[in-house]
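Since the structure comes first, as structure tokens, the remarks are kept for the end.
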Amino acid sequence: MAITAEERTGTVTATIDGRDVTVPEGTTIWAAAKSAGIEIPVLCHDERYDPVGVCRMCVVDVGAPAFAASCVRACEDRMQVITTSPELERSRATLIELLLADQPDRANDPKQITTGDNELLALADRYGVTKESGLPAGSGRGIDTSSPVISVNHDACILCDRCVRACDDIQGNDVIGRSGKGYGTRIAFDLNDLMADSSCVSCGECVAACPTGALTNKPIHDVPIRPRTELDAVDTVCPYCGVGCALTYYVDRDRGAIAYADGREQPGSHGRLCVKGRYGWDYAASPQRLTVPLIRREESYPKGALSADVRGEMAGAEHEHGSADGNGGANNAKGKGKRRKPGGLVDYAEVLPHFREATWAEALDLVARRLTEIHARGGPAAIAGFGSAKCSNEEAYLFQKLIRTGFHTNNVDHCTRLCHASSVFALFEGIGSGAVSTTYGDIVNAEVAIVTGTNTPANHPVASSFFKQARRNGTTIIYVDPRADKMADHADIYCQLKPGTDVAFYNGVMHEVIRLDLVDHEFIASRTSNYQALKDTVASYSPERAEQITGVPADVIRRVARAWGEAKAGVIFWGMGISQHTTGTDNARCLIAMCAITGNVGKQGTGLHPLRGQNNVQGASDMGLIPMYYPNYQKADDPDVKARFEAAWGTTDLDPKRGLTVTEIIGSALKGGVRGMYMLGENPFLSDPNINKVRKALSTLEFLVVQDIFLTETAEFADVILPASSYLEKDGTYTNTDRRVQLGRKVLDTPGQARVDWEVVQDIANRIGLDWHYDSPRDIFDEMVAVTPSYRNLSYDNLGLTGKLYPNPDPERSDGTVVMFGEKFNTNDGLAHLVPAEWLPARELPDEDYPFVLNTGRMLEHWHTGSMTRRSYALDAIAPRAQVYLHPDDAAALGLADGDMARVSSRRGTIELAVKFSYSEARGNCFIPFHFREAAANLLTIDEIDPLGKIPEFKFCAVRIVRFEQPPQAEVADQVDAPQADG
Ligand code: SF4
Ligand code: SF4
1487 MAITAEERTG TVTATIDGRD VTVPEGTTIW AAAKSAGIEI PVLCHDERYD PVGVCRMCVV
1547 DVGAPAFAAS CVRACEDRMQ VITTSPELER SRATLIELLL ADQPDRANDP KQITTGDNEL
1607 LALADRYGVT KESGLPAGSG RGIDTSSPVI SVNHDACILC DRCVRACDDI QGNDVIGRSG
1667 KGYGTRIAFD LNDLMADSSC VSCGECVAAC PTGALTNKPI HDVPIRPRTE LDAVDTVCPY
1727 CGVGCALTYY VDRDRGAIAY ADGREQPGSH GRLCVKGRYG WDYAASPQRL TVPLIRREES
1787 YPKGALSADV RGEMAGAEHE HGSADGNGGA NNAKGKGKRR KPGGLVDYAE VLPHFREATW
1847 AEALDLVARR LTEIHARGGP AAIAGFGSAK CSNEEAYLFQ KLIRTGFHTN NVDHCTRLCH
1907 ASSVFALFEG IGSGAVSTTY GDIVNAEVAI VTGTNTPANH PVASSFFKQA RRNGTTIIYV
1967 DPRADKMADH ADIYCQLKPG TDVAFYNGVM HEVIRLDLVD HEFIASRTSN YQALKDTVAS
2027 YSPERAEQIT GVPADVIRRV ARAWGEAKAG VIFWGMGISQ HTTGTDNARC LIAMCAITGN
2087 VGKQGTGLHP LRGQNNVQGA SDMGLIPMYY PNYQKADDPD VKARFEAAWG TTDLDPKRGL
2147 TVTEIIGSAL KGGVRGMYML GENPFLSDPN INKVRKALST LEFLVVQDIF LTETAEFADV
2207 ILPASSYLEK DGTYTNTDRR VQLGRKVLDT PGQARVDWEV VQDIANRIGL DWHYDSPRDI
2267 FDEMVAVTPS YRNLSYDNLG LTGKLYPNPD PERSDGTVVM FGEKFNTNDG LAHLVPAEWL
2327 PARELPDEDY PFVLNTGRML EHWHTGSMTR RSYALDAIAP RAQVYLHPDD AAALGLADGD
2387 MARVSSRRGT IELAVKFSYS EARGNCFIPF HFREAAANLL TIDEIDPLGK IPEFKFCAVR
2447 IVRFEQPPQA EVADQVDAPQ ADG
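One gets the working numbering by counting positions in the sequence shown from 1 and adding 1486 to each.
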């Protein structure tokens, strides 16, 4: 009988090339040899995949009649292994000769002239094997160039299946298989479709896996892909989502450009990337980069939006709503009533003439003077700052310090308010910490995982690959979300609940868990408080009642309760489908209670993990870029904390009260409260709810300085625009969703006169009378750690290439703490505080006039307001247009075909965009990504907020959808090309 991994306890000692090697039982000869520093050549094998032993390149002599494939054959005690002998070398050379026979000619393929990364050609060179002349070049199996980012040359494929295992086993995308028979066999995408027509998500894992030239990256912007030995490698971190995948950019220094990116090993991402990380880096080289400071021209006052998109004019005819609110400026009147040319990016010819170039000194002097004047006149309440979760920890720290010490106000916030503010509120209240209690990779230790309110494959793609992998290894996945997106295909139980009914669903599950007595009585007694109140509340949520509210059948709710309650280890991952509701805090309270009553916190494979959106939203929050907390979530309205920071920062007049949040700052500006703003890397025009209101607020500001890399929609309202550095152009640290603090390293130089952000913040600080002398991000990091206890012990020197998790008592020796709260929680009494919640309906329900529920969010290929991804060739090519996702039956009832144009209206505005048939949507619901300026979803959303987390309701408002005939393009273009404003 075969022994399982669990049953193997012993070790074996084999002799490999005369050396005794002791390894755990079950270790392959290849792995044992590698551990002893003996390299055995491979083609079909890669340590990350299950071995298949098909290429025979790794054969070794074990004294048997036939050579053994070392990648699959396990070591045995006293086994004698020879890895190199004349016979073995001859066998390998013959194999290479055979494989080379139908490879494309090197001379005709620039990528194959130098062997570089082509492992087969590298082996051919090593063994001195050349292709026999006269043989036909290629097998005639074809070339597929349909993908914008990947070339497929079937002729170069050796059918090693590495791409198949990379796609299936590592990324869980299940796209590649095989088709054909005999010599015609080739890899196939789905049902032998072209790659671009298949379900491929362009993660590029197959390219990274391919040992020949069969799957290769296409050059982006004609930067040739040379072997990595000829390029400069910079190890850094992906700039997009909170997963924070480690990667290496390969830079062509002759061209000053990135040639390509590849994943690299790090405990959280294991070398994986998604399409954004692998192909979405060329935005930094966009011709639309801001390279000179800009000052608004006198004649472009009074202020208002400058482009048709930002004015709210649609490509079509008359508006249904007065969506041009806030366009009070004279220049705006010129655009009124005009149709705009549909398009994805700001037209600089339309906007730039409203600004003149300035020197840095002039621009910074003006910023300091105007903000100081407004502060002198209006006091601290007149100033506010939005920092950015795309900036580094050091920049976030400096920015909040500038607003707090320079203007004596806590009016400083960032997009965490729009992301997980409600989760953070509930977590602080419940367990005394806003950070995750375990890493997403800890799912491997979970018996069951609830994944809820998150389209993980789109928003945290690499984290989702770990979820899919865990399920293949036995973890039960329960997916709870109104949209049946790809995660539903990988779930054991999928619950398509009605939008906005999460509290009822989880109360129903807890009702059943308690009824079945599946709670952890000991944990409840020793580690929680207020259980009886929770029990009393959920008592009225029988599965039948929960079914009435949620639409999820009572029996499915019972199954979920059993699976959750009976598991020895359960973990919950959630996203903005939980947090972005007016009941976001209640939703998160339910998840905390789910874990606490079953004892699912504080041990391996258990816990609470709100998946963080931006690459540094965790870090920016840790650094105090929020109005109610100083760094490390020290309360802004606590006199002791205030005194501590006054001492640390050498000041005496910090604001004793909490500041305003993002949405409150917009509201205050509308009422004349906040008059001057510093916007570093945020684009609230597209990211905040109810854009008409935001437009009005931004137009009303007396002074706005925007520091950014592009002329964003928000920058159209600026008095001064400062050209900033992209992520790729500076050093700094970033904290991912797991609490992993990683070093981002400079890859490229800033273009033109653009400057590194922390230096600009420091220049402004010094101009308003602060006395700052930071020399480098390292300098700032050291100060920041001194006031941020959870980062204690971390330093630029010990973060290394893979970063460290915090808290970390010994970073020299440890990766950091994976599972938190093993003994007690961070609350004042060390207990988890259970807070019961009653289900409340959404604030704006569908009715006869607005019969659909609108859900907004992200898509895989784009990021937030699209300022980076829409300027990335690959990402824009794959997903170029705004679409409303609609169930085909709903579309048919509206007379809409896939691809037709529709007009979507709410009580706040109207947008026009194409219809995309989607079986992910339940009837009566629709989904619109918020990345597209020409069809800004947030023109429709409601600005109701969660009363505690102050997060807006991005996931629920009522809309109407009607068919819309687009006017002929010529007519649109003619009208737009007329001059808009004096230059
Ligand atoms: S790019 Fe990714 S999804 Fe597409 S085939 Fe390759 S591994 Fe699969
Ligand atoms: S999963 Fe997130 S961090 Fe990783 S490559 Fe994709 S966008 Fe970047």
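Quick reminder that beta carbons are idealized off the backbone N, C-alpha and C, glycines included. Since we're looking at a predicted model, the values are computed, not measured.
The DSSP-derived three-state label of F2440 is coil.
A distance criterion of 8 Å places the beta-carbon of N2101 in contact range of ligand 2, judged by its closest non-hydrogen atom.
For S2300, the CB contacts under 7 Å within the same chain, skipping 5 residues up- and downstream, are N2294 in chain order. Distance from the CA atom of E2439 to the CA atom of A2134, rounded to whole angstroms, is 38 Å. If you measure from each CB to the nearest heavy atom of ligand 2, the residues under 5 Å come out as C1724, Y1726, C1727, V1729, C1731, L1759, C1760, K1762, G1763, P1947 and V1948. Using a cutoff of 8 Å, the CB of G1663 does not count as near ligand 1, since none of the ligand's heavy atoms is closer than that. Annotation for E2168: F1872, G1873, S1874, H1900, C1901 and T2200 place their beta carbon closer than 8 Å to its own, counting only its chain and skipping 5 residues before and after. Where W2244 is concerned, the enclosing alpha helix (DSSP H) starts and stops at D2243 to R2253.
Contact between the segment 1967-1987 and the segment 2402-2414 is present: three or more C-beta pairs spanning the two stretches fall below 8 Å. Counting along the chain, L2172 sits inside the alpha helix (DSSP H) bounded by residues P2170 to S2173. Burial of T1961 is indicated by the presence of at least 16 other C-beta atoms within 10 angstroms of its C-beta. In terms of Cα proximity to S1793, the closest of V2191, I2437, T2198 and R1534 is T2198. Contact holds between the segment 1857-1872 and the segment 2149-2167, because three or more Cβ pairs, one in each stretch, are under 8 Å apart. Excluding residues up to 5 positions away in sequence, S1908, T2068, G2070 and T2071 lie with their Cβ nearer than 6 Å to the Cβ of D2432 in the same chain.
Of the residues Y2119, F1952 and T1631, the one whose Cα lies closest to the Cα of Y1926 is F1952. In the structure shown, the three-state DSSP call for Q2090 is coil.
With fewer than 16 other Cβ atoms from the protein chains shown falling within 10 Å of its own Cβ, Q1566 counts as exposed. By the C-beta density criterion, K1972 is buried, having at least 16 other C-beta atoms within 10 angstroms. The nearest non-hydrogen atom of ligand 1 is less than 8 Å from the C-beta of Q1657. The beta carbon of D1654 sits closer than 6 Å to those of D1660, all from its chain and outside the five residues before and after it, given in chain order. A Cβ-Cβ contact shorter than 9 Å links G2088 with G2308. Rounded to whole angstroms, the separation of the alpha carbons of P1697 and D1748 is 15 Å. Judged by DSSP in its simplified three-state form, V1761 adopts helix. With 16 or more other CB atoms across the displayed protein chains lying within 10 angstroms of its CB, K1876 is buried. Distances from the CB of I1644 to the heavy atoms of ligand 1 are all 8 Å or more. F1893 and R1863 have their alpha carbons spaced roughly 12 Å apart.
Under the three-state reduction of DSSP output, D2022 falls in the helix class. Here the segment 1681-1698 does not lie against the segment 1714-1722, with fewer than 3 beta-carbon pairs under 8 Å apart. Annotation for E2347 indicates a beta carbon at 8 Å or more from all heavy atoms of ligand 1. Ligand 1 has no heavy atom closer than 8 Å to the beta-carbon of F1953. Rounded to whole angstroms, the gap between the alpha carbons of T1631 and L1831 is 27 Å. For I2035, same chain residues with a beta-carbon under 7 Å away, outside a window of 5 residues either side, are T1987, A1990 and W2325 in chain order. At a threshold of 8 Å, S1755 does not count as near ligand 1, since its beta carbon sits no closer than that to any of the ligand's heavy atoms. In the DSSP assignment, K1704 falls outside any alpha helix (DSSP H) and carries neither an H nor an E. Per DSSP, L1717 has no beta bridge partner at all.
In its chain, beyond the 5 residues on either side, W1516, I1526, P1527, V1528, H1531, A1555, S1556 and C1557 have a beta carbon closer than 7 Å to the beta carbon of C1544.
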